[in-house]
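Chains as they are written, first to last, in the UniProt record's numbering: chain A, 1 to 627; chain B, 1 to 627.
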């Protein structure tokens, strides 16, 4: 093992002391909070001590410094120990730790980026490694910098399949700047984990998945130090340190026992704190200190003000799928900003994200059929504003990663999601492939922005706007062709609806989006032929919805509206409109959507069978005018 | 290998012939349909031929016979080959295969249980094995019958973490009645899989995860037959047959080539069909036939008319959490029906599903921290009406399995989901643990029934009703205590709201549920003290919502309503009410919900901070009366 120097005896003792200090802080802060997970902190105390005070290179004063090593605490419930490590490192006073879990304190029950030393929210288990992968991929391939990424995973959460998706990703992409640590403390929440202390099985699984795996005593600071050194010098594959630990380590009568998950130590606290203090040799100022990065080699990047390299270039009346326009726009923004990247789950020839791969293969990350890894990797790649990720797959397959997307909002991520093959209009592949609940899902994400462009021009602009929009964005794109209805120079904006057909004598409003906007336009023309004026509105963004335009127009026509969407009834465009008009008297809204699990069939036939076609809209219009 | 007899030469040829017939059917049916995945069918033709005509024991005339072997095609896009196998086996005329993907035909693009020989819908990848696990667990532990379960997984989809969760489950529970087949055909949709033909790595991974793994040439019927025999005689662990195959096998100039995923063969069809016909030795009636089960040893079970063993026994004014009442009710229905089971993801001491484990450990299945496996296993366990599963975890963690739940609806499953720790009222653990989008998710599931009981009495009845309700049910339960408001003999029904406070002079309606119903009652009392009559409605089921009761009452009080829910604004109770009142003029609805990512803090403080407390409802009531 090249260049490995054994730790000086004093340093060893200091790292042991720090570990016990972290334990003490974890006990006392959860005791004050009256809730929390001190035993889960105890098992990782030496791991954190060695990482934060010996191995990792970072700037305490600038936690998000781009050249610093990254640390992801996947087992977020051990937050008190992590907070304590940063406090001991000097970022904030140790006394602040007693604000843990108080309303108004950023030292929450689980870590969130409200804290400047946290890159991503954790607490839903099994998600940290995918995020670490994203960071490591960026570090190795885009930043080409020397920072390393450490991810600490609990053994309980390693039952999550997302962990194994991510283990595979890391080995496939040879992320040797990544070090995974498994905290094998044997005990889950309600019973022992399925593998207990069988570290050999963990090792075998990790090796079979392509990792360099090292088993250590997770409470031995020298073994840990050596393992992290080995990890740093192992090239061509990521390293996993399988740390055998004890839950509640050094907590007499609690250590390694069941029924101590997620509980402050209560009456035992004082005695155990005394016991821990007795183990500490140096109670004075720390003798070891965090090490700064060797090189400031992750250079600043600019991801602001991203533009299409050229405006949309279509003719009104052209017929093409919005997914095709997505592929075009993705390349156009990539041409103007080198940090635009795309990730996909083996659907790139359906979503047209392959266009970016063809333009610049280095900026396309194939995540294979593993949507949780796909989404998590993108969230990691977006951290510290290093890249602008566009993540695509079939809209419905994002349901596979709803938990990751939900956590993405807590992580304040700026990832852009692009879902193709929405609705029954995909046709013969049938219901398993149809996005019919994706709007409900993405609408429920706090702060999300949802684009649902109806043609190629608006799709290109949606992509451009999404790239510059903070928070999670979702662009819903169609499989079948739609007609270009907007001129190339039309100006779109988030939260600005477009009135696409209008006449002062209109008697009702029809709101459609994507494929159903096209049906709405056809319906309006048919209605026009029988003397009924139907105004047509394209919301462009489903969230935020242009409440004013919608309400004003519905009022102008006499209070009648139809909303038609290729989605189930719940949580989509229809309910967005109903929310917008909730406080309006004298508005009635007829909602047309997919009423049940659909079948395979040709797209047009399905639109008709499930009530979304122009003819059905015409009938609904005639009916609502009687009400 | 005990009792293994080599196949007779004629049988070998016949199985080869059948495989090529399946290929021909897959080509011609997708050719007629103008879409589909013939090359993905070709790689599994021998696997299906050997399984359906030599290995499996089942009744062609009664595909859902309880004693028959089960087969799950996890790679659902290979449906045409599966349909062809059943047609060749004699279930329906081979000529019907040309109805593939036609609107109205049950031979859809991906399999669904609209077909009597399909137990579950597949097509969203990586989900079949968890379902097979559920079937195998029931076969081994509840039915104690001799049927075996076969699950065919594609190599592309084996990148899904859900597969590895399920592999672990199967080995942990020693499901030796399960045989997993990996179809390693090397090619994904848009590029080769990450492992290509590296069958040795698949073997190592499966062995590390506790399987008996056998690598075979997936086009050699004798090797396959031998492997399936070995699987059947291997005790104490499940067996995986790793079949090295070629995508488009026996399709000249297409076999093993890229860019042939999901495409009919077009102009190549006729030539390739001729080629395949030339390989068939016996073009006449089949010489081998499916084998019936050796024993009819899976006995009928009755899962109808399930009742609580005793009525709720609380006092009005008692204070306890609905999650506690859930645990009580679960045991009560288990006492009256031996097929009631519970599954949980290491949260049983928080959700109180542990009560069933304490009552009868055999009917509790610990799925550890792997929610996709948890949900999939339950769907498998519910198949063929063998059990009544109740699946519990924190409400928000069901987002991890949204795709599985969505597919559950396509599978026509009857699984009951129970989500605890919903909303900000969980308190200090913070946003990662709060269910704030679970109603949006479950509402978007077609045919779902959503219970949101406010007290212990209604919770017990919700559990009883859920057990007897077809389709997916979801019961949303609270962490903190709520006050018992219903008498023990109160009769609840799906779709029947309860008016819990009412006066002829009421001026508005407040609709709350769960914890917010309690706030609504308090608010109504406070409003009463200042001379404002506020009627309070408990929807009991959010879906179906009791539209009539809600509209009638809002009209009666003059058209004003407040909906307050511990959930984000989108897709929950508020939008359900807005959908119910969409076509009503003169109704305005003020919606109160959680407006952004919440923080850690004490439950009551959080309810107040995010606008859900009684005081905020009072203010909203005073404001809406001015409008």
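Glycine included, each C-beta is placed from N, C-alpha and C at the ideal position.
Since we're looking at a predicted model, the values are computed, not measured.
Could you check the C-alpha separation between residue i and residue j for me, to the nearest Å?
| i | j | result |
| --- | --- | --- |
| residue 602 of chain B | residue 10 of chain A | 43 angstroms |
| residue 443 of chain B | residue 444 of chain A | 12 angstroms |
| residue 307 of chain A | residue 371 of chain A | 28 angstroms |
| residue 145 of chain B | residue 295 of chain B | 9 angstroms |
| residue 254 of chain B | residue 383 of chain A | 43 angstroms |
| residue 576 of chain A | residue 452 of chain A | 13 angstroms |
| residue 47 of chain A | residue 411 of chain A | 24 angstroms |
| residue 395 of chain A | residue 119 of chain A | 27 angstroms |
| residue 566 of chain A | residue 538 of chain A | 14 angstroms |
| residue 479 of chain B | residue 321 of chain B | 6 angstroms |
| residue 456 of chain A | residue 316 of chain A | 10 angstroms |
| residue 380 of chain B | residue 132 of chain B | 6 angstroms |
| residue 61 of chain B | residue 292 of chain B | 10 angstroms |
| residue 142 of chain B | residue 205 of chain A | 31 angstroms |
| residue 221 of chain A | residue 70 of chain A | 20 angstroms |
| residue 630 of chain B | residue 600 of chain A | No answer is possible for residue 630 of chain B: the residues shown for chain B start at 1 and end at 627. |
| residue 16 of chain B | residue 123 of chain B | 27 angstroms |
| residue 241 of chain B | residue 232 of chain B | 12 angstroms |
| residue 483 of chain B | residue 182 of chain A | 43 angstroms |
| residue 560 of chain A | residue 625 of chain A | 8 angstroms |
With DSSP collapsed to three states, give me the class of residue i.
| i | result |
| --- | --- |
| residue 52 of chain B | helix |
| residue 486 of chain B | coil |
| residue 258 of chain B | coil |
| residue 234 of chain B | coil |
| residue 338 of chain A | coil |
| residue 244 of chain B | strand |
| residue 403 of chain A | helix |
| residue 469 of chain A | coil |
| residue 561 of chain A | strand |
| residue 205 of chain B | helix |
| residue 474 of chain B | strand |
| residue 120 of chain A | coil |
For residue i, write down the residues that DSSP places opposite it in a beta bridge.
| i | result |
| --- | --- |
| residue 498 of chain A | A:538 |
| residue 153 of chain B | B:182 |
| residue 291 of chain A | A:57 |
| residue 392 of chain B | B:344 and B:418 |
| residue 568 of chain B | B:594 |
| residue 101 of chain B | Answer is none; residue 101 of chain B lacks a bridge partner. |
| residue 481 of chain B | B:321 |
| residue 410 of chain A | Looking at the DSSP assignment, residue 410 of chain A forms no beta bridge with any residue, so it has no partner. |
| residue 543 of chain B | B:450 |
Just checking my contact of residue i with residue j at CB under 8 angstroms: how many whole Å lie between their CB atoms?
| i | j | result |
| --- | --- | --- |
| residue 557 of chain B | residue 592 of chain B | With a Cβ gap of about 18 angstroms, residue 557 of chain B and residue 592 of chain B do not count as contacting. |
| residue 107 of chain B | residue 99 of chain B | 5 angstroms |
| residue 171 of chain A | residue 211 of chain A | 6 angstroms |
| residue 477 of chain B | residue 323 of chain B | 5 angstroms |
| residue 43 of chain A | residue 218 of chain A | 7 angstroms |
| residue 535 of chain A | residue 589 of chain A | Rounded, the Cβ-Cβ distance is 14 angstroms, inconsistent with contact. |
Report task. Count the C-beta pairs between the stretch 171 to 178 of chain B and the stretch 137 to 147 of chain B that are closer than 8 angstroms, then say yes if the count reaches three, no if not. Result -> The stretch 171 to 178 of chain B, when compared against the stretch 137 to 147 of chain B, does touch it at the 8 angstroms Cβ threshold.
Report task. Evaluate contact between the stretch 608 to 626 of chain B and the stretch 511 to 520 of chain B, counting only Cβ atoms and requiring at least three cross-stretch pairs below 8 angstroms. Result -> Short answer: they touch.
Query - Sufficient close CB pairs (3 or more, under 8 angstroms) joining the stretch 476 to 487 of chain A to the stretch 569 to 588 of chain A - result: Cβ pair count under 8 angstroms is below three, so no.
Query raised in the report: Just checking, does the stretch 260 to 280 of chain B make contact with the stretch 30 to 50 of chain B on the three C-beta pairs under 8 angstroms criterion?
Result: Segments in contact, yes.
Requested in this report: State whether the stretch 535 to 555 of chain A contacts the stretch 491 to 499 of chain A, with contact taken as three or more CB pairs (one from each stretch) at a distance under 8 angstroms.
Outcome: A contact is defined here as three or more CB-CB pairs under 8 angstroms, and the stretch 535 to 555 of chain A meets this definition with respect to the stretch 491 to 499 of chain A.
**Report entry** Segment contact, 8 angstroms Cβ cut-off, at least three pairs: the stretch 11 to 24 of chain A with the stretch 275 to 288 of chain A
**Finding:** Touching, per the Cβ criterion.
Report task. Spell out a yes or no on whether the stretch 337 to 349 of chain B and the stretch 362 to 378 of chain A are touching, meaning 3 or more CB-CB pairs, one atom from each, closer than 8 angstroms. Result -> No: the two stretches stay apart, fewer than three of their Cβ pairs being nearer than 8 angstroms.
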